[in-house]
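For the record, the sequence lines run as chains A and B. Just remember that the numbering used here sits 11 ahead of the position in the first sequence, which is counted from 1. Just remember that the numbering used here sits 136 ahead of the position in the second sequence, which is counted from 1. Ideal placement from N, C-alpha and C gives every residue a C-beta, glycine not left out. Every value quoted in this text rests on a predicted model; they were computed, and no experiment measured them.
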Amino acid sequence: MAGNERVDVLIIGSGASGAAVAWSLAETRMRILCLEQGDWVRSTDLPSNGRDWEARRYTDFDISPNRRGRDTDYPVNDDNSLMKIANFNGVGGGTVIYTAHWPRMHPSDFKVKSLDGVADDWPVDYWTLERFYDENDRMMGVSGLAGDPGVPPRNPPMPPIPLGKTGAHYAKAMNRLGWHWWPSDTTIATTAYDGRAACINLGHCTPGCAQGAKASTDITYWPLALRAGVELRTRCRVREITTNEHGMAAGAIYYDADGREHFQPAEVVIVACNGIGTPRLLLASASARFPNGLANSSGLLGKNLMLHPWPIVSGYVEEALDGGRAPITSMWSKQFYETDPARGFVRGYTLQFNRGTGPANEAITAAATGRLPWGRDHHRVYRELLGHRVGIGVACEDLPEEHNRVTLDPVLKDSHGIPAPRIDYAISENTRRMMEHGIARAEEILTEAGAKRLHASRTVLNSPGHLLGTARMGDDPERSVVNGWGRCHDVKNLFIVDGSIWVTSGGVNPTSTIQALALYIADQMKQRLATLFD
Amino acid sequence: MGNDAETGLSAAEIRDLGDIAGTMIPADPAFGVPGADDPAILADIARSVGRDLPLVRQAVAAIAAKSVGGFADLDRDGKEALINDYYAHGGAPAVALGRVILGAYYRDDRVLLALGLEARAPFPKGYVLEQGDWSLLDAVRKRAPFWRDDRTTTAGER
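So this is what it looks like as C-alpha cells:
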C-alpha cells in the first residue's frame, strides 16, 4: 500500500458540503486535501451541447446511480424502498445535477419538538445559521426577490428568474384562490455574477448547465478553494477510515484511478459523502475497537433516513406556455408549510411550481402516465400536450424513524469490492396524510388554472435525491452521532458536514441548508482550533 | 444470423422493432411527419437501445407472444389495440421500449420542424424567456408575514 504525506485536514467528498468546508478552512493555511471518487465534469460534456440532450438524462446523466452506472458510481440496493436513490459522483457532487431550487429551512424546522411535539429539536437554530445562509448565497450566487411574507427576511444578490408565461399562469390562479406564492430563489444567475453569465434559458438545468449559469460547487467554491491552496484528488474512492491506538481517526485507505491502494494520514478527517455515502463509509470502517461501525456507539448510524417524499401533480392548459425553453424552477408557495392541526397531520410542505419540459421528455412522461396514446391518435394528442404542461411538486417533510435506514448490503459491492449501501425505507402515516393533502391542493390549483388531464404521481420514478438524517446531530451521545458542531461524539477528530447530520428534514430542497451548516461547522472548527479535540 | 455490432440487435429483431415502432408512432401526412419506422429514425432507435437492450428484447418478445399468428400479420386496429394494452400493463420493458422510441423520434429534424421547433441543441443559442406580469405579485406583497417565528411562538401556536 502506498503511503502518502500527512495532511492536516482530509475531506472525503467534493460536493455541496465538502466544497464549502474546504473553502472556509482554506484561510487557516492548514494543509487540506479532498478525495473525490468521481471526475471533474467538463461543460462541453454536458447533455445540452448535443442533439441527444433529452435522452442522456436517462443514461450517463440519469440521477440514479444504478441507471447511470458510470465506473465512478457505486451501486445502491434500493429494492426495499418506494423512493429510489439519486446522487452524482464527481466534483460538485449532487449540485451538478440538482434543479437549483434554493429555499431555506424555516425557523420552525429547527424546533419541531418544542413547537409540534414530534421528533427532536436541532442543537442549532435558524438564527445561528442565518449569517452562514447569507454567506453561502453570496458564494453560490442566488437569484430571488426580497419581501416574501412566507419566509424570514433574506436578500438574494440577483433578481429572480422571469415569471414567463408559465409563472404568470400559475400566479393568476393562486391570486384567485387567495393563496401565497412567490418567485423561487434559485442558484441560476440572472445577471453576470462572479464570472458566470446570465442564464440564456437552455431549458435543461437538472442534468448539468452547459452554460455555467447554474451554480454547482465545481464552478463556485472549488476554483477559490484550489487557488487558496486546497488539494483535490479525483478518482480516489475511500474504502475505510482507520483509527489509531487512542481511538482517533488516523486517516483513510483509498483506491486511486489505477486501482492502487493508498493510506492517507490526517490530523482531522471530515466526511462529506451525503446521507447514504457517509453511513456506508462509517459502517464499512468497523474495527475491533468500533465493531458496529465508526462513531456508532449510539447505534443510530445509518438510521432515521429521510428522503423527502415528493408527489408531482401535472396537467395541461389550453394556453401555449414556455416549458422546455427556460429553467424548470418558477415559483414556490408556503401556504401550507407551517403546522395546522386541523389538516390531520403535523408539519407541512412547500409547493414547487414547475415549467414544462422538452419534446422527447414530454412524450415520455405523458405516455408513461397514460395521457399520450400509441397509434393513429398519437400526433393529434401530442400537439395538445407539448408546450401546455403545468406541474406542481409537493415537497413533504418526512420525520425521522429508526426503521428507515442505510445498512451494508451483504452481497452487492462496488467495483472495488466495497459493500454497497442497502436502503430500507417506508413512508409514515403522517407523511402519507401530508402527501394526500398536498396532492389535493395542487389539483385544486391546477384546476383553477384551467388544467385538464390531471395526473398525480405519488412517488416519482426519480425521487428528489435528498439524502438526510443518517448521522444526526445532538447534544446527547446516546441519541446522536455528532455534536452540535459536527464532531463525532465517539471520535474527536472526525467530523461530518453533509445532509446525514440533519435532525429533521423540513419541507424544502436541502442544499442551501446543507451548505450553511457546513460553513457553520467550519467556522466552529476555526474558532476552536486550539481545543478542537477536547 | 449474428447481431449488429453497434446495436446488439439481430436483423430480425430490428425488423420486428420497426414494425412495432411504426405502429406506436405511424407516419401522418396531415401533420407532415414520418413514422418511427422511417429508416433513419429506426436506425437511431436501434443505436439508442444501449443499456436497455435486455428490456427492449423482453418487450419485443412479449408483443410477439401476445400476437396470435404474428404481430406483422395483424391488421392496423389489432396492432394498435395490442400495443396500447401491452404498454399499459407491460411494466419496465414496456416503459423502456417507449422511452427509446420516443427519445429517438422526437429529436428527428423533420419531426421537430413539423412541430414548429428548431432542430438544434439548446446550447449555445438558448431561448428567450419573457419576464411575465410582475404586477400579479402585488396582492401577495400586501400579506403580513406568516412564517412561524420560533423566538415568539410557543407550542401549539401557529
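If I follow the unbroken alpha helix (DSSP H) through A:Pro610, where does it start and stop?
Chain A is shown only over 12 to 545; residue 610 of chain A falls outside these bounds and no answer can be derived.
Please list, in chain order, the chain B residues whose beta carbon lies closer than 7 Å to that of A:Ser59.
Neighbours of A:Ser59 across chain B, judged by C-beta separation under 7 Å: Ala257, Pro258 and Phe259.
Of all the CB atoms in chain B, is at least one closer than 7 Å to the CB of A:Pro134?
For A:Pro134, the answer is no, since every Cβ of chain B falls outside 7 Å of its Cβ.
Among B:Asp152, B:Ala148, B:Asp155 and B:Pro162, the one whose alpha carbon lies nearest that of A:Trp385
For A:Trp385, the nearest C-alpha among the options comes from B:Pro162.
Mind pulling the chain A residues with CB within less than 8 Å of B:Asp286?
Scanning chain A for C-beta atoms nearer than 8 Å to the C-beta of B:Asp286 yields Pro118, Ser119, Phe121, Lys122, Ser125, Leu126, Asp136 and Tyr137, reported in chain order.
If you measure between the beta carbons of B:Leu191 and B:Ala232, is that distance less than 7 Å?
In contact: B:Leu191 and B:Ala232 (Cβ atoms closer than 7 Å).
Residue nearest to A:Gln526 in terms of C-alpha spacing, selected from A:Glu141, A:Tyr69, A:Asp487 and A:Gly288:
Answer by Cα proximity: A:Glu141.
Can you find a CB in chain B that lies within less than 7 Å of the CB of A:Pro167?
With 7 Å as the cut-off, A:Pro167 does not count as an interface residue toward chain B.
Amino acids of chain A, ordered along the chain, whose beta-carbon sits closer than 7 Å to that of B:Ile177
Residues of chain A whose Cβ lies closer than 7 Å to the Cβ of B:Ile177 do not exist, since the nearest Cβ in that chain is about 12 Å away.
Chain A contact for B:Pro165 (CB, 7 Å cutoff):
No - not a single Cβ of chain A is within 7 Å of the one on B:Pro165.
Apply the 10 Å Cβ neighbour rule to B:Arg193 and answer buried if 16 or more other Cβ atoms are within range, or exposed otherwise.
Buried.
Answer yes or no: does any C-beta atom of chain B fall closer than 7 Å to that of A:Leu108?
Before going further, note that residue 108 of chain A is Ile rather than Leu in the sequence given. Against chain B, the CB of A:Ile108 has no partner CB under 7 Å away; the residue lies outside that interface.
Could you say if the stretch 15-31 of chain A and the stretch 504-517 of chain A meet the contact criterion of at least three C-beta pairs nearer than 8 Å?
Because the criterion of three Cβ pairs below 8 Å is met, the stretch 15-31 of chain A and the stretch 504-517 of chain A touch.
Separation of A:Leu383 from A:Tyr393, as counted between CA atoms
A straight-line Cα-Cα distance of about 6 Å links A:Tyr393 and A:Leu383.
Between the stretch 259-277 of chain B and chain A, which residues of the former have a C-beta closer than 8 Å to a C-beta of the latter?
Within the stretch 259-277 of chain B, contact with chain A at the beta-carbon level (separation under 8 Å) is assigned to Phe259, Pro260, Lys261, Gly262, Tyr263, Val264, Leu265, Glu266, Gln267, Gly268, Asp269, Trp270, Leu272, Leu273, Ala275, Val276 and Arg277.
Which of the residues in the stretch 234-255 of chain B, read from start to end, lie with their CB under 7 Å from any CB of chain A?
Of all residues in the stretch 234-255 of chain B, the ones placed with a Cβ closer than 7 Å to any Cβ belonging to chain A are Gly234, Arg235, Leu238, Gly239, Tyr242, Arg243, Leu248, Leu251 and Leu253, in chain order.
Nearest candidate by alpha-carbon position, reference A:Ile434, set A:Met12, A:Ala27, A:Cys45 and A:Lys95:
Minimum Cα distance to A:Ile434 is reached at A:Lys95.
Smallest Cα separation from A:Asn255: which of A:Thr245, A:Cys407, A:Ser296 and A:Cys284?
In terms of CA proximity to A:Asn255, A:Ser296 leads the group A:Thr245, A:Cys407, A:Ser296 and A:Cys284.
Step through the CB atoms of chain B and report whether any lies within less than 7 Å of the CB of A:Gly367.
It does not; no Cβ of chain B falls within 7 Å.
Taking a cut of 7 Å between CB atoms, which residues from the stretch 193-222 of chain A lie near chain E?
Included in the structure are the protein chains A and B, with no chain E among them.
Note down the Cα distance separating A:Asp27 from A:Glu47, rounded to an integer number of angstroms.
Per the sequence shown, the amino acid found at residue 27 of chain A is Ala instead of Asp. Rounded to whole angstroms, A:Ala27 to A:Glu47 spans 12 Å at the Cα level.
Whole-Å CB distance - A:Arg67 paired with A:Pro58, under 8 Å assumed
The Cβ separation is near 4 Å, so the contact holds.
Taking contact to mean at least 3 C-beta pairs separated by less than 8 Å, is the stretch 363-378 of chain A in contact with the stretch 412-420 of chain A?
No, the stretch 363-378 of chain A does not touch the stretch 412-420 of chain A.
In chain A, what lies closer than 7 Å to B:Ile154 by C-beta?
A small fix is needed here, since residue 154 of chain B is Gly in this sequence, not Ile. Those within 7 Å of B:Gly154 in chain A number zero; the least Cβ separation is about 15 Å.
Give the residues of chain A in contact with B:Thr159, contact being defined as C-beta atoms less than 8 Å apart.
Residues of chain A passing the Cβ test: Trp385 and Gly386.
By a C-beta neighbour count over all protein chains shown, 10 Å radius and 16 as the cutoff for buried, is A:Asp487 buried or exposed?
By the neighbour-count rule (16 or more Cβ atoms within 10 Å), A:Asp487 is not buried but exposed.
Closer than 8 Å by beta-carbon distance: list the chain B residues that pair up with A:Gly326, in chain order.
Within chain B, no residue comes near A:Gly326; the closest Cβ sits about 20 Å away, beyond 8 Å.
Comparing alpha-carbon positions, which option in A:Pro432, A:His117, A:Thr481 and A:Val514 lies nearest A:Gly310?
With distances taken between Cα atoms, A:Gly310 lies closest to A:Thr481.
Give, in chain order, every unbroken run of the beta strand (DSSP E) that is at least 3 residues long and sits entirely within the stretch 251-332 of chain A.
Counting only runs of 3 or more, we get 260-266, 272-282 and 323-327.
Output the distance between the C-alpha atoms of A:Val401 and A:Asn88, rounded to the nearest integer angstrom.
Taking the Cα positions, A:Val401 is about 33 Å away from A:Asn88.
Taking the alpha-carbon positions, what's the B:Asp245 to B:Leu153 distance?
In this structure, the alpha-carbon of B:Asp245 lies about 21 Å from that of B:Leu153.
DSSP bridge partner residues for A:Ile456 (one or two, in chain order)
DSSP lists no bridge partner for A:Ile456.
Helix or strand or just coil, what does DSSP make of A:Lys225?
Strand, per DSSP.
Going straight from the alpha carbon of A:Gly369 to that of A:Gly335, what length do you get?
Pairing A:Gly369 with A:Gly335, the inter-Cα distance amounts to about 4 Å.
Please list, in chain order, the residues of the stretch 168-184 of chain A that have any C-beta partner in chain B closer than 8 Å.
Along the stretch 168-184 of chain A, the positions whose C-beta sits under 8 Å from a C-beta of chain B are Ile172, Pro173, Leu174, Gly175, Lys176, Gly178, Ala179, Ala182 and Lys183, read in chain order.
B:Pro175 to B:Ala147 span [Cα, whole Å]
Approximately 13 Å between the Cα atoms of the pair.
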